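Below: one structure, written as structure tokens.
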Amino acid sequence: MTNCIIVDDEPLAKQLIQSYIDQIPDLTCLGSFDTAVEAFSALHQHCVDVIFLDIEMPGITGLNFIKSLKVSPKIVFVTAYTEHAVEAFDLDAADYLIKPVTFERFFKAFQKITLIKTNDQTFNLTINKVPYIFLKVDRRLIKIDLSSIIYIESFGDYLKVHTVTQLYVTYMTFAKLLNLLPALDFIRIHRSTIVNTCYIKFIEGNIVNIGNRELPIGQTYREGLVNKIS
Numbered sequence: 218m219t220n221c222i223i224v225d226d227e228p229l230a231k232q233l234i235q236s237y238i239d240q241i242p243d244l245t246c247l248g249s250f251d252t253a254v255e256a257f258s259a260l261h262q263h264c265v266d267v268i269f270l271d272i273e274m275p276g277i278t279g280l281n282f283i284k285s286l287k288v289s290p291k292i293v294f295v296t297a298y299t300e301h302a303v304e305a306f307d308l309d310a311a312d313y314l315i316k317p318v319t320f321e322r323f324f325k326a327f328q329k330i331t332l333i334k335t336n337d338q339t340f341n342l343t344i345n346k347v348p349y350i351f352l353k354v355d356r357r358l359i360k361i362d363l364s365s366i367i368y369i370e371s372f373g374d375y376l377k378v379h380t381v382t383q384l385y386v387t388y389m390t391f392a393k394l395l396n397l398l399p400a401l402d403f404i405r406i407h408r409s410t411i412v413n414t415c416y417i418k419f420i421e422g423n424i425v426n427i428g429n430r431e432l433p434i435g436q437t438y439r440e441g442l443v444n445k446i447s
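With our numbering as the guide, the letters of the sequence shown map in order to residues 218 to 447.
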């Protein structure tokens, strides 16, 4: 399943994209927003895979919005202007759709996103055959066995990596660390928490018991967690 949001200040444009999303079973819209500011808040509340994003909007433009994000989902620009295409692809846009968008063209964009997502997952599984990672802690690169990591939590621009023997603090983004961890063993249970499923004792309500700690499960992550361990 691919989760997306729509960011566009034109009501009819949003309605059209929403109607296309409704026709694709594997694509779910978590919300539509008029401004980049509203979308920014949504990114902190939900696990978003794709943003269907207009460029010319009041306040912050779509291009400046993407530039402001430390970690960005896949971006499909949906705009009436062709002149921003080069800059959009310089920002690693997955696709660039010109209004009015046909369903056929929209579906091609979705297929491209699905292919990128599959390739990313395959790459992650390949590089994560190595049973350890190196993290920069203070001025050292510390080798950490993946099997020793219990859970990871973020605070600001730093991560706390809780292992069986000790706690490591490293300067790294959540997204970068997720790319280093094997998806079969590690899962995000909250926007600020990743756990090693090997250490989960039980799940009760919206709480994961892991070792001697109880960690909250974010609402948007619960279904993925339950499906994974089931």
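A virtual CB, placed ideally from N, CA and C, is assigned to each residue, including glycine. Keep in mind that this is a model prediction, so the values were computed, not measured.
Count the other C-beta atoms from every protein chain shown that fall within 10 angstroms of the C-beta of residue i, then say buried if there are 16 or more, exposed otherwise.
| i | result |
| --- | --- |
| residue 249 | buried |
| residue 403 | buried |
| residue 296 | buried |
| residue 224 | buried |
| residue 256 | buried |
| residue 279 | buried |
| residue 267 | buried |
| residue 376 | buried |
Of all the options the options, which has the alpha carbon lying nearest to the alpha carbon of residue i?
| i | options | result |
| --- | --- | --- |
| residue 240 | 354, 421, 257, 327 | 327 |
| residue 230 | 299, 423, 269, 354 | 269 |
| residue 363 | 356, 378, 277 | 378 |
| residue 374 | 385, 368, 390 | 390 |
| residue 368 | 359, 442, 405 | 405 |
| residue 251 | 272, 263, 242 | 272 |
| residue 413 | 381, 387, 302 | 381 |
| residue 452 | 366, 232, 356, 265 | There is no way to answer for residue 452, as the model of the chain reaches only from 218 to 447. |
| residue 366 | 355, 348, 322 | 348 |
| residue 410 | 318, 442, 357, 304 | 442 |
| residue 316 | 386, 299, 429, 393 | 299 |
| residue 384 | 415, 359, 289, 318 | 359 |
| residue 236 | 259, 421, 318, 275 | 318 |
| residue 352 | 394, 259, 302 | 394 |
Return the chain-ordered list of same chain residues with a C-beta closer than 8 angstroms to the C-beta of residue i, the five sequence neighbours on each side being excluded.
| i | result |
| --- | --- |
| residue 417 | 425, 426, 427, 446 |
| residue 342 | Because residue 342 carries a pLDDT of 46, less than 50, the predicted location of this residue cannot be relied on, and no value is offered for it. |
How many whole angstroms separate the CB atoms of residue i and residue j, which I take to be in contact at a CB cut-off of 8 angstroms?
| i | j | result |
| --- | --- | --- |
| residue 291 | residue 234 | Wrong, their Cβ atoms sit about 15 angstroms apart, outside the cutoff. |
| residue 306 | residue 313 | 7 angstroms |
| residue 308 | residue 287 | Rounded, the Cβ-Cβ distance is 13 angstroms, inconsistent with contact. |
| residue 433 | residue 423 | 6 angstroms |
Excluding the five sequence neighbours on either side, which residues of its own chain have a C-beta within less than 6 angstroms of the C-beta of residue i, listed in chain order?
| i | result |
| --- | --- |
| residue 340 | Note on residue 340: pLDDT 43, under 50, position unreliable in the model; the coordinate value appears next. Contacts found: none. |
| residue 293 | 269, 311, 312, 326 |
| residue 282 | 253 |
Kindly list the residues whose CB is nearer than 7 angstroms to the CB of residue i, restricted to its own chain and excluding five residues on each side of it in sequence; keep chain order.
| i | result |
| --- | --- |
| residue 244 | 219, 221, 238, 327 |
| residue 408 | 261, 435 |
| residue 437 | 263, 264 |
Length-filtered (3 minimum) beta strand (DSSP E) runs lying within the region 392-439: 403-407, 410-413, 417-421, 424-427, 430-433
Extract the residue ranges of the alpha helix (DSSP H) inside the region 291-327, only unbroken runs of 4 or more that lie entirely within it. 302-307
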